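Have a look at the structure below, then the notes.
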Amino acid sequence: MSEAGTDSKREQIRAAAIELFLERGYAGTSTAEVARKAGVSKETLYSRYRGKEELLGDVLESYIARSLAAAAPAGEFTAPATEEELRGLLAAFAERLLAQLTRPDYLALARMVIAERHRVPEVGELFRAAVPVRALTRVADLLGAAERAGLIALPEADPAAAARLFMGPLLIHLLMNHLLADPDESRLLGRLDIPTHVDLFLAAVRPSA
1 MSEAGTDSKR
11 EQIRAAAIEL
21 FLERGYAGTS
31 TAEVARKAGV
41 SKETLYSRYR
51 GKEELLGDVL
61 ESYIARSLAA
71 AAPAGEFTAP
81 ATEEELRGLL
91 AAFAERLLAQ
101 LTRPDYLALA
111 RMVIAERHRV
121 PEVGELFRAA
131 VPVRALTRVA
141 DLLGAAERAG
151 LIALPEADPA
161 AAARLFMGPL
171 LIHLLMNHLL
181 ADPDESRLLG
191 RLDIPTHVDL
201 FLAAVRPSA
């Protein structure tokens, strides 16, 4: 089978899995149902995934890969040369990431994970590894480059801790204003003031004179 054909089958399986996970939950969905909805044989599904857990992991990976690619396009998320350039990169990343993570399909998937994680703990771990951890890693890499360039001074030279400081308000906004609010409430609660957030963050990590 050609590579294009293989990718096409995988996309069919992902699309069917997402629809069923959102409709029935993780625990209520079987791989046989996914294969049937995708229009492929169980053998085709199992040639790509060892089981339902791996399938969910791939679904989450594909979501966050698209989100991160949109938030930090290749060749654009590079080591900054000035504080102004760093400010622009952080603001653009935050704006684009929130735009991706507040899409209705992503929010529905995240709500499914939250609803299922107590019954199926591995669902929460897969989500955490695929989404928050990868976004934090991307920001930590940028902040590490900024520190090496002398643009910022990180406590204990820890880019990961600084990334958590930067990402925390974004994730809290996502949780309180989107995941836990209905669409009408989300519009009333308004947008996060990203420029102010970035300025406050940079003030906290700016090198002492």
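Using full-length UniProt numbering, the letters of the sequence shown correspond one by one to residues 1 to 209. All C-beta atoms in this analysis are idealised placements derived from N, C-alpha and C, irrespective of residue type, glycine included. What you are looking at is a predicted structure, and each value in this text was computed from that prediction instead of being measured.
Do you know how far the Cα of residue j is from the Cα of residue i?
i	j	result
A27	R164	31 Å
S41	F93	40 Å
A99	E83	24 Å
P37	S30	In the sequence as presented, Pro is not what sits at residue 37; that position holds Lys. Straight-line Cα distance between these residues: approximately 11 Å.
G51	L126	14 Å
Tell me whether the beta-carbon of residue i lies closer than 7 Å to the beta-carbon of residue j.
i	j	result
P80	L90	no
H197	P159	no
V131	I64	yes
L55	Y49	yes
I13	L45	yes
E11	L20	no
E116	E53	no
L101	L179	no
A129	L97	no
Below 8 Å CB to CB, which residues in the same chain sit around residue i once its five sequence neighbours on both sides are set aside?
i	result
A161	L154 and P155
D199	R87
A140	P159, A160, A162 and A163
I'd like the list of long-range same chain contacts for residue i, defined as Cβ closer than 7 Å, with 5 residues on each side in sequence excluded.
i	result
L68	R134, A135 and R138
L22	A108, L109 and M112
Excluding the 5 residues flanking residue i on each side, which residues of the same chain have their C-beta closer than 6 Å to its C-beta?
i	result
P207	A153
Give a yes or no on whether the minimum CB-CB distance between residue i and chain C is below 7 Å.
i	result
R66	In summary, chain C is missing from the structure at hand, where a single protein chain is found.
Is it buried or exposed, residue i, if we count other Cβ atoms within 10 angstroms and call 16 or more buried?
i	result
I172	exposed
A203	exposed
**Study point:** Any alpha helix (DSSP H) of 4 or more consecutive residues that is wholly inside the stretch 114 to 154
**Key:** 121 to 130 and 132 to 148
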